[in-house]
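Have a look at the structure below, then the notes.
Residue numbers (our numbering): 6 to 1280.
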């Protein structure tokens, strides 16, 4: 059993630093002789206080429960000097009454106390004639692994008499000194509180409460006061991430310890507007550029406190990008040689050392960036050059302008903000006002800074290949404007950016990703479709060759619009319905923040009092938990988390595990996986047996230990795209093409491989690959440089771009260049800005090559016949003729197939093929290059091979969408769910959504009003998803094959809750709203276990076990539950008080060996049952199950997979034969006549899922060979 370690409280260690007593005595003796000199002394550690302050033995004596789970931190020894009086008597004054010994003190392993005294007095320690005012500054310590601890230092003065009267906590009288003292001087001391958490303001307030106690009486036993103070801090836990702040009474102040917003966000307990009081917004941007480009940076100030605070502010501004190098915000005068370090660093020192640092001789090109906080200047070392004239690049222009504009609109001065407020005499009220103002300001500054980072790096994702973890830096740089290139060239080579890329490639959902999604016009369908954004248009122009930009979004506008709520229907009102003030909290920029007051710890050094403190802590938490409604699961989770921590401190391990287990149902994001694992491994045998006897704890233990045994995470390295240097076989070629970002689809790459290897062995020469890649990029660059006259641009759609230009040719419309977009061909006539349309692809009737005589030559001419004009277009394309014929025919065929199959993605795929053809011809430049390019004519060949779509299908099919867009291979659509939209004033617009469950726990979410992808990949586990159901308009419950129910918040689009009470894979979840006050959800697993959940509380109302295995589906009818099993259909009431078994009949056995699915038609009291591997539907009369079922034969059907009731119809998804080929088929059955009305063939693979969109449309999901969703109109 391994030693477990509790998460530390706020305190890691508390240290008292002061002058050596021998030095004080020596100075005092000299002073008594009339020689008064203020000497500088070297500080040393005089006392160290390390938790726990209540020993294990004391705890055992005061508590009946002994916890095997103690806070046994990793320790190492620190040897401290200690003086003690000699035991024997002495008579002479020349004999030192003390002897110096050493004491070994156990301190946390990652806390180094060797250099701490100099950091507590970075400007040196000096004896003074007058007491100095208390002074605070802040320290940051970084270990070799990059982990940081934080120190808050309070300096205060004590007189010689008090200092000499104190030695290691013992009063001391020196008979060698006179009893009358004519000389009074003061020596400084410092208390340093070290924590793992950056609570600068809160710990400063705590120390401010302690200092008056240390000065209130002479000869006070200093160690006892400090030890009691440290013991109190050790009892304060770090608040869990989220909207709960902790309040602790440190008389006379109430100290607030704010929580971080989420696990990835930093703790903010400092004033983020401080840099803007010292520098202009433009200078702040210059400093951020210096940090992003990893310069050698030194901050200067006459106030040591500002050095750390400003450095930390800049770290927050750059979040989630993290500084990866040396970070020492305060250097003592003994540590100035640190600035000779050869690598990047960020350091700070006193302004007195400015000239000394300026004279540091660095290698050429490695000058220091000198930032003078007091004077607000930024310059280089070695000269007086201002930063504006140095080699540090400027921030990207657009991002910088937005940042400066936003910052200039902020009110940074508290007095101006509060000038209209009344004055209060209550110090608590004053501090609350200031804290609320500061937290609101901090939030606004963080959002502005985060928006800056998003604006700088937003387009990075367009050049990432997630499958192979490749970043195409060269192409990204080409997409930047010339004025911004210097900035990006430096930033892209930094360690910070590399770490940022790792997070992007891992699809990390952090603050950056959330803001990127919320501010992206691609996500917001309204602005993307109906608002012209010049900056957005420029971005799309640069990225037009990426697949997502290869078809006009006007194609999407014509899709069926399922949005039923109009903006005009929404009553006017405030954007937030929350009350400004809450009983136990407050609002920070629209976000409700709650506070929890910790109990007072009167005697923190008493084991009994500590146990009382924990008992009261638990009682307070339990009271809050019982008072909260279950809907407030976010706050409940924080209380459970805290109660679990306190339970561990009390030794109540099973109770603590039970509280942590409740996080699955309240907020899984804050579940302390590593802590729970350590607790489980440290459980004594008896406790482990008790845990195994409790089902919920047994499941928790199993899940945590299974996580530990999971396959280790794959390598998270980042590769930069490079051209190959050796011959490529097929697999290597596929990987390289996908890494390049040209195309991802594996089948297309295979065809490209065949075309590039025509006449060669089946491997790609690296020179051919290089030529192909360069041709592709040259075509892309040429297209991006096309500057269309306004008279031409106004004839094109908003998102229509030129992808290919011919050379100047003679045509029957004049001399000019033929331009190809994704929609049409037109002629750019030389010499004048005019637009001559040649053809819209869908109107083309014929494309062929003919020859015409010119003198003695026969010139090839391309002829294009269109239905909208009588004359035939002719162009003398010469050597380009055959290539343009191939390209136009491919686009024509792709457009025709897109129209007939109602799938606009075909246009995108055809355009990709056309551009590949062009690059192949340019790379090969042989007689066989046209033949090679013809191997990429996929749609032109498909048009001749694919049979026509049946008339019924063409009339019913509205559109097709592709949830697998961007994936290398298509995947099966296992489950579909449509959730209607609403407009909630407090939550913003909530559009209707289509949820598509793919393999391995992936969920893709479409905005069903625009059919744009809203959430590309929402991950819920790693297993196949079996069922989805919408709950109360704010949740989606997803049942998985891993026996879990994942609960998705439809507003945040995150999975914060899980239900883990099933043992087998989920097969169905149904909702019950028959109780007017409560809603219940019934979940059923394949092993026959049925659980009834209270939707509001997520508590189990009751559960029961069916005696039949292999359940495949469950449905609800009035008060009955119906289940399909392998051999029968079971009918029970909601509490399984009785059970009816409908066994499979002999006639059905001849067709199939097992039932597969059931569906209800309540209005007609019908139960529809399908058989696996059969072609019959059996319809039972639910009023009399003894009657034989009515059978409906599905012609040419092989497998039935799903059924759906829509209006007076039953839609059946299946796989069958159509036109001699096996395809996905949908049978539409009239429920009244029990006859098949339609046979729909819209998928090339089996139909796996069906769902209804408000009974106006039916959506069908297909198997992995197709991987698309078809949208059908319901009549």
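Positions of the beta carbon are idealized from the N, C-alpha and C atoms, including for glycine.
Per DSSP, reduced to three states, the secondary structure at residue 207 is helical. Residue 262 sits close to residue 204, with the two beta carbons spaced by under 8 Å.
Excluding sequence positions up to five before and after residue 1207, its CB lies within less than 8 Å of the CB of 1162, 1217, 1218, 1252, 1253, 1254, 1255, all in the same chain and listed in chain order.
Residue nearest to residue 982 within the set 1005, 1042, 137 is 1042 (criterion: CA-CA distance). Here residue 14 has 56, 238, 239, 240, 241, 242, 243 as same chain residues with Cβ atoms under 8 Å from its own Cβ, once five neighbours each way along the sequence are excluded.
When the beta-carbon positions are compared, residue 810 and residue 798 stay at least 8 Å from each other. Restricting attention to 1016, 478, 434, 919, the CA atom closest to the CA of residue 495 is found in 478. Annotation: the stretch 886 to 959 contains the following complete segments of the alpha helix (DSSP H) (minimum length 4 residues), in chain order: 886 to 906, 910 to 929, 934 to 939, 943 to 950. Ranked by how close their Cα comes to the Cα of residue 651, the residues 195, 245, 1233 have 245 in first place. From the listed residues 941, 192, 971, 818, the smallest Cα separation to residue 135 is found for 192.
Residue 708 carries a helical assignment under DSSP once its states are collapsed to helix, strand and coil. For residue 745, the closest alpha carbon among the candidates 1101, 926, 779, 142 is that of 779. For residue 1054 against residue 1038, the beta-carbon gap comes to about 11 Å, at or over 8 Å, which does not count as contact. Residue 915 sits close to residue 899, with the two beta carbons spaced by under 8 Å.
In the same chain as residue 489, and ignoring 5 residues on each side of it, the C-beta atoms closer than 6 Å to its own belong to 401, in chain order. Contact between residue 1020 and residue 1010 holds, with the beta-carbon distance rounding to 4 Å and staying under 8 Å.
Taking all protein chains shown into account, residue 785 has 16 or more neighbouring C-beta atoms within 10 Å of its C-beta and is therefore buried. Look at residue 378 here: in three-state DSSP terms it is coil, with no helix or strand label.
For residue 1228, the uninterrupted beta strand (DSSP E) segment begins and ends at 1226 to 1235. A contact is defined here as three or more CB-CB pairs under 8 Å, and the stretch 811 to 830 fails this definition with respect to the stretch 758 to 771. The beta-bridge partner set that DSSP reports for residue 965 consists of 1275. Positions of the beta strand (DSSP E) runs, each at least 3 residues long and wholly inside the stretch 815 to 879, are given as 819 to 826, 829 to 834, 840 to 845, 849 to 859, 862 to 871 in order along the chain. In the three-state reduction of the DSSP assignment, residue 639 falls in the helix class, which pools H, G and I. Beta-bridge partners assigned by DSSP to residue 1266: 1254, 1274. In this structure, the straight-line span from the alpha carbon of residue 877 to that of residue 940 is close to 28 Å.
The stretch 504 to 521 makes no contact with the stretch 332 to 340; the number of CB pairs closer than 8 Å stays below 3.
Annotated three-state conformation of residue 785 is helix, per DSSP. Taking one beta carbon from each stretch, the stretch 46 to 54 and the stretch 17 to 29 have 3 or more pairs nearer than 8 Å; the two touch. Positions of the alpha helix (DSSP H) runs, each at least 4 residues long and wholly inside the stretch 636 to 707, are given as 638 to 655, 658 to 666, 668 to 671, 678 to 686, 690 to 698 in order along the chain.
Around residue 1188, the same chain offers 1170 as residues with beta carbons nearer than 6 Å, after the five sequence neighbours per side are excluded. With respect to the C-alpha of residue 661, the residue from 673, 645, 627, 669 having the closest C-alpha is 645. Only residues of its own chain outside the window of five on either side were considered, and among them 829 have a CB closer than 6 Å to the CB of residue 845, listed in chain order. If you compare the alpha carbons of 1186, 1033, 964 with that of residue 1262, the shortest gap goes to 964. If you ignore the 5 residues before and after residue 606, its C-beta comes within less than 8 Å of the C-beta of 236, 237, 240, 614, 615, 618, all in its own chain and listed in chain order.
Non-local beta-carbon contacts of residue 857 in its own chain, meaning distances under 6 Å to residues more than five positions away in sequence, involve 864, 866 in chain order.
Residue 1023 places its beta carbon 8 Å or farther from that of residue 1034.
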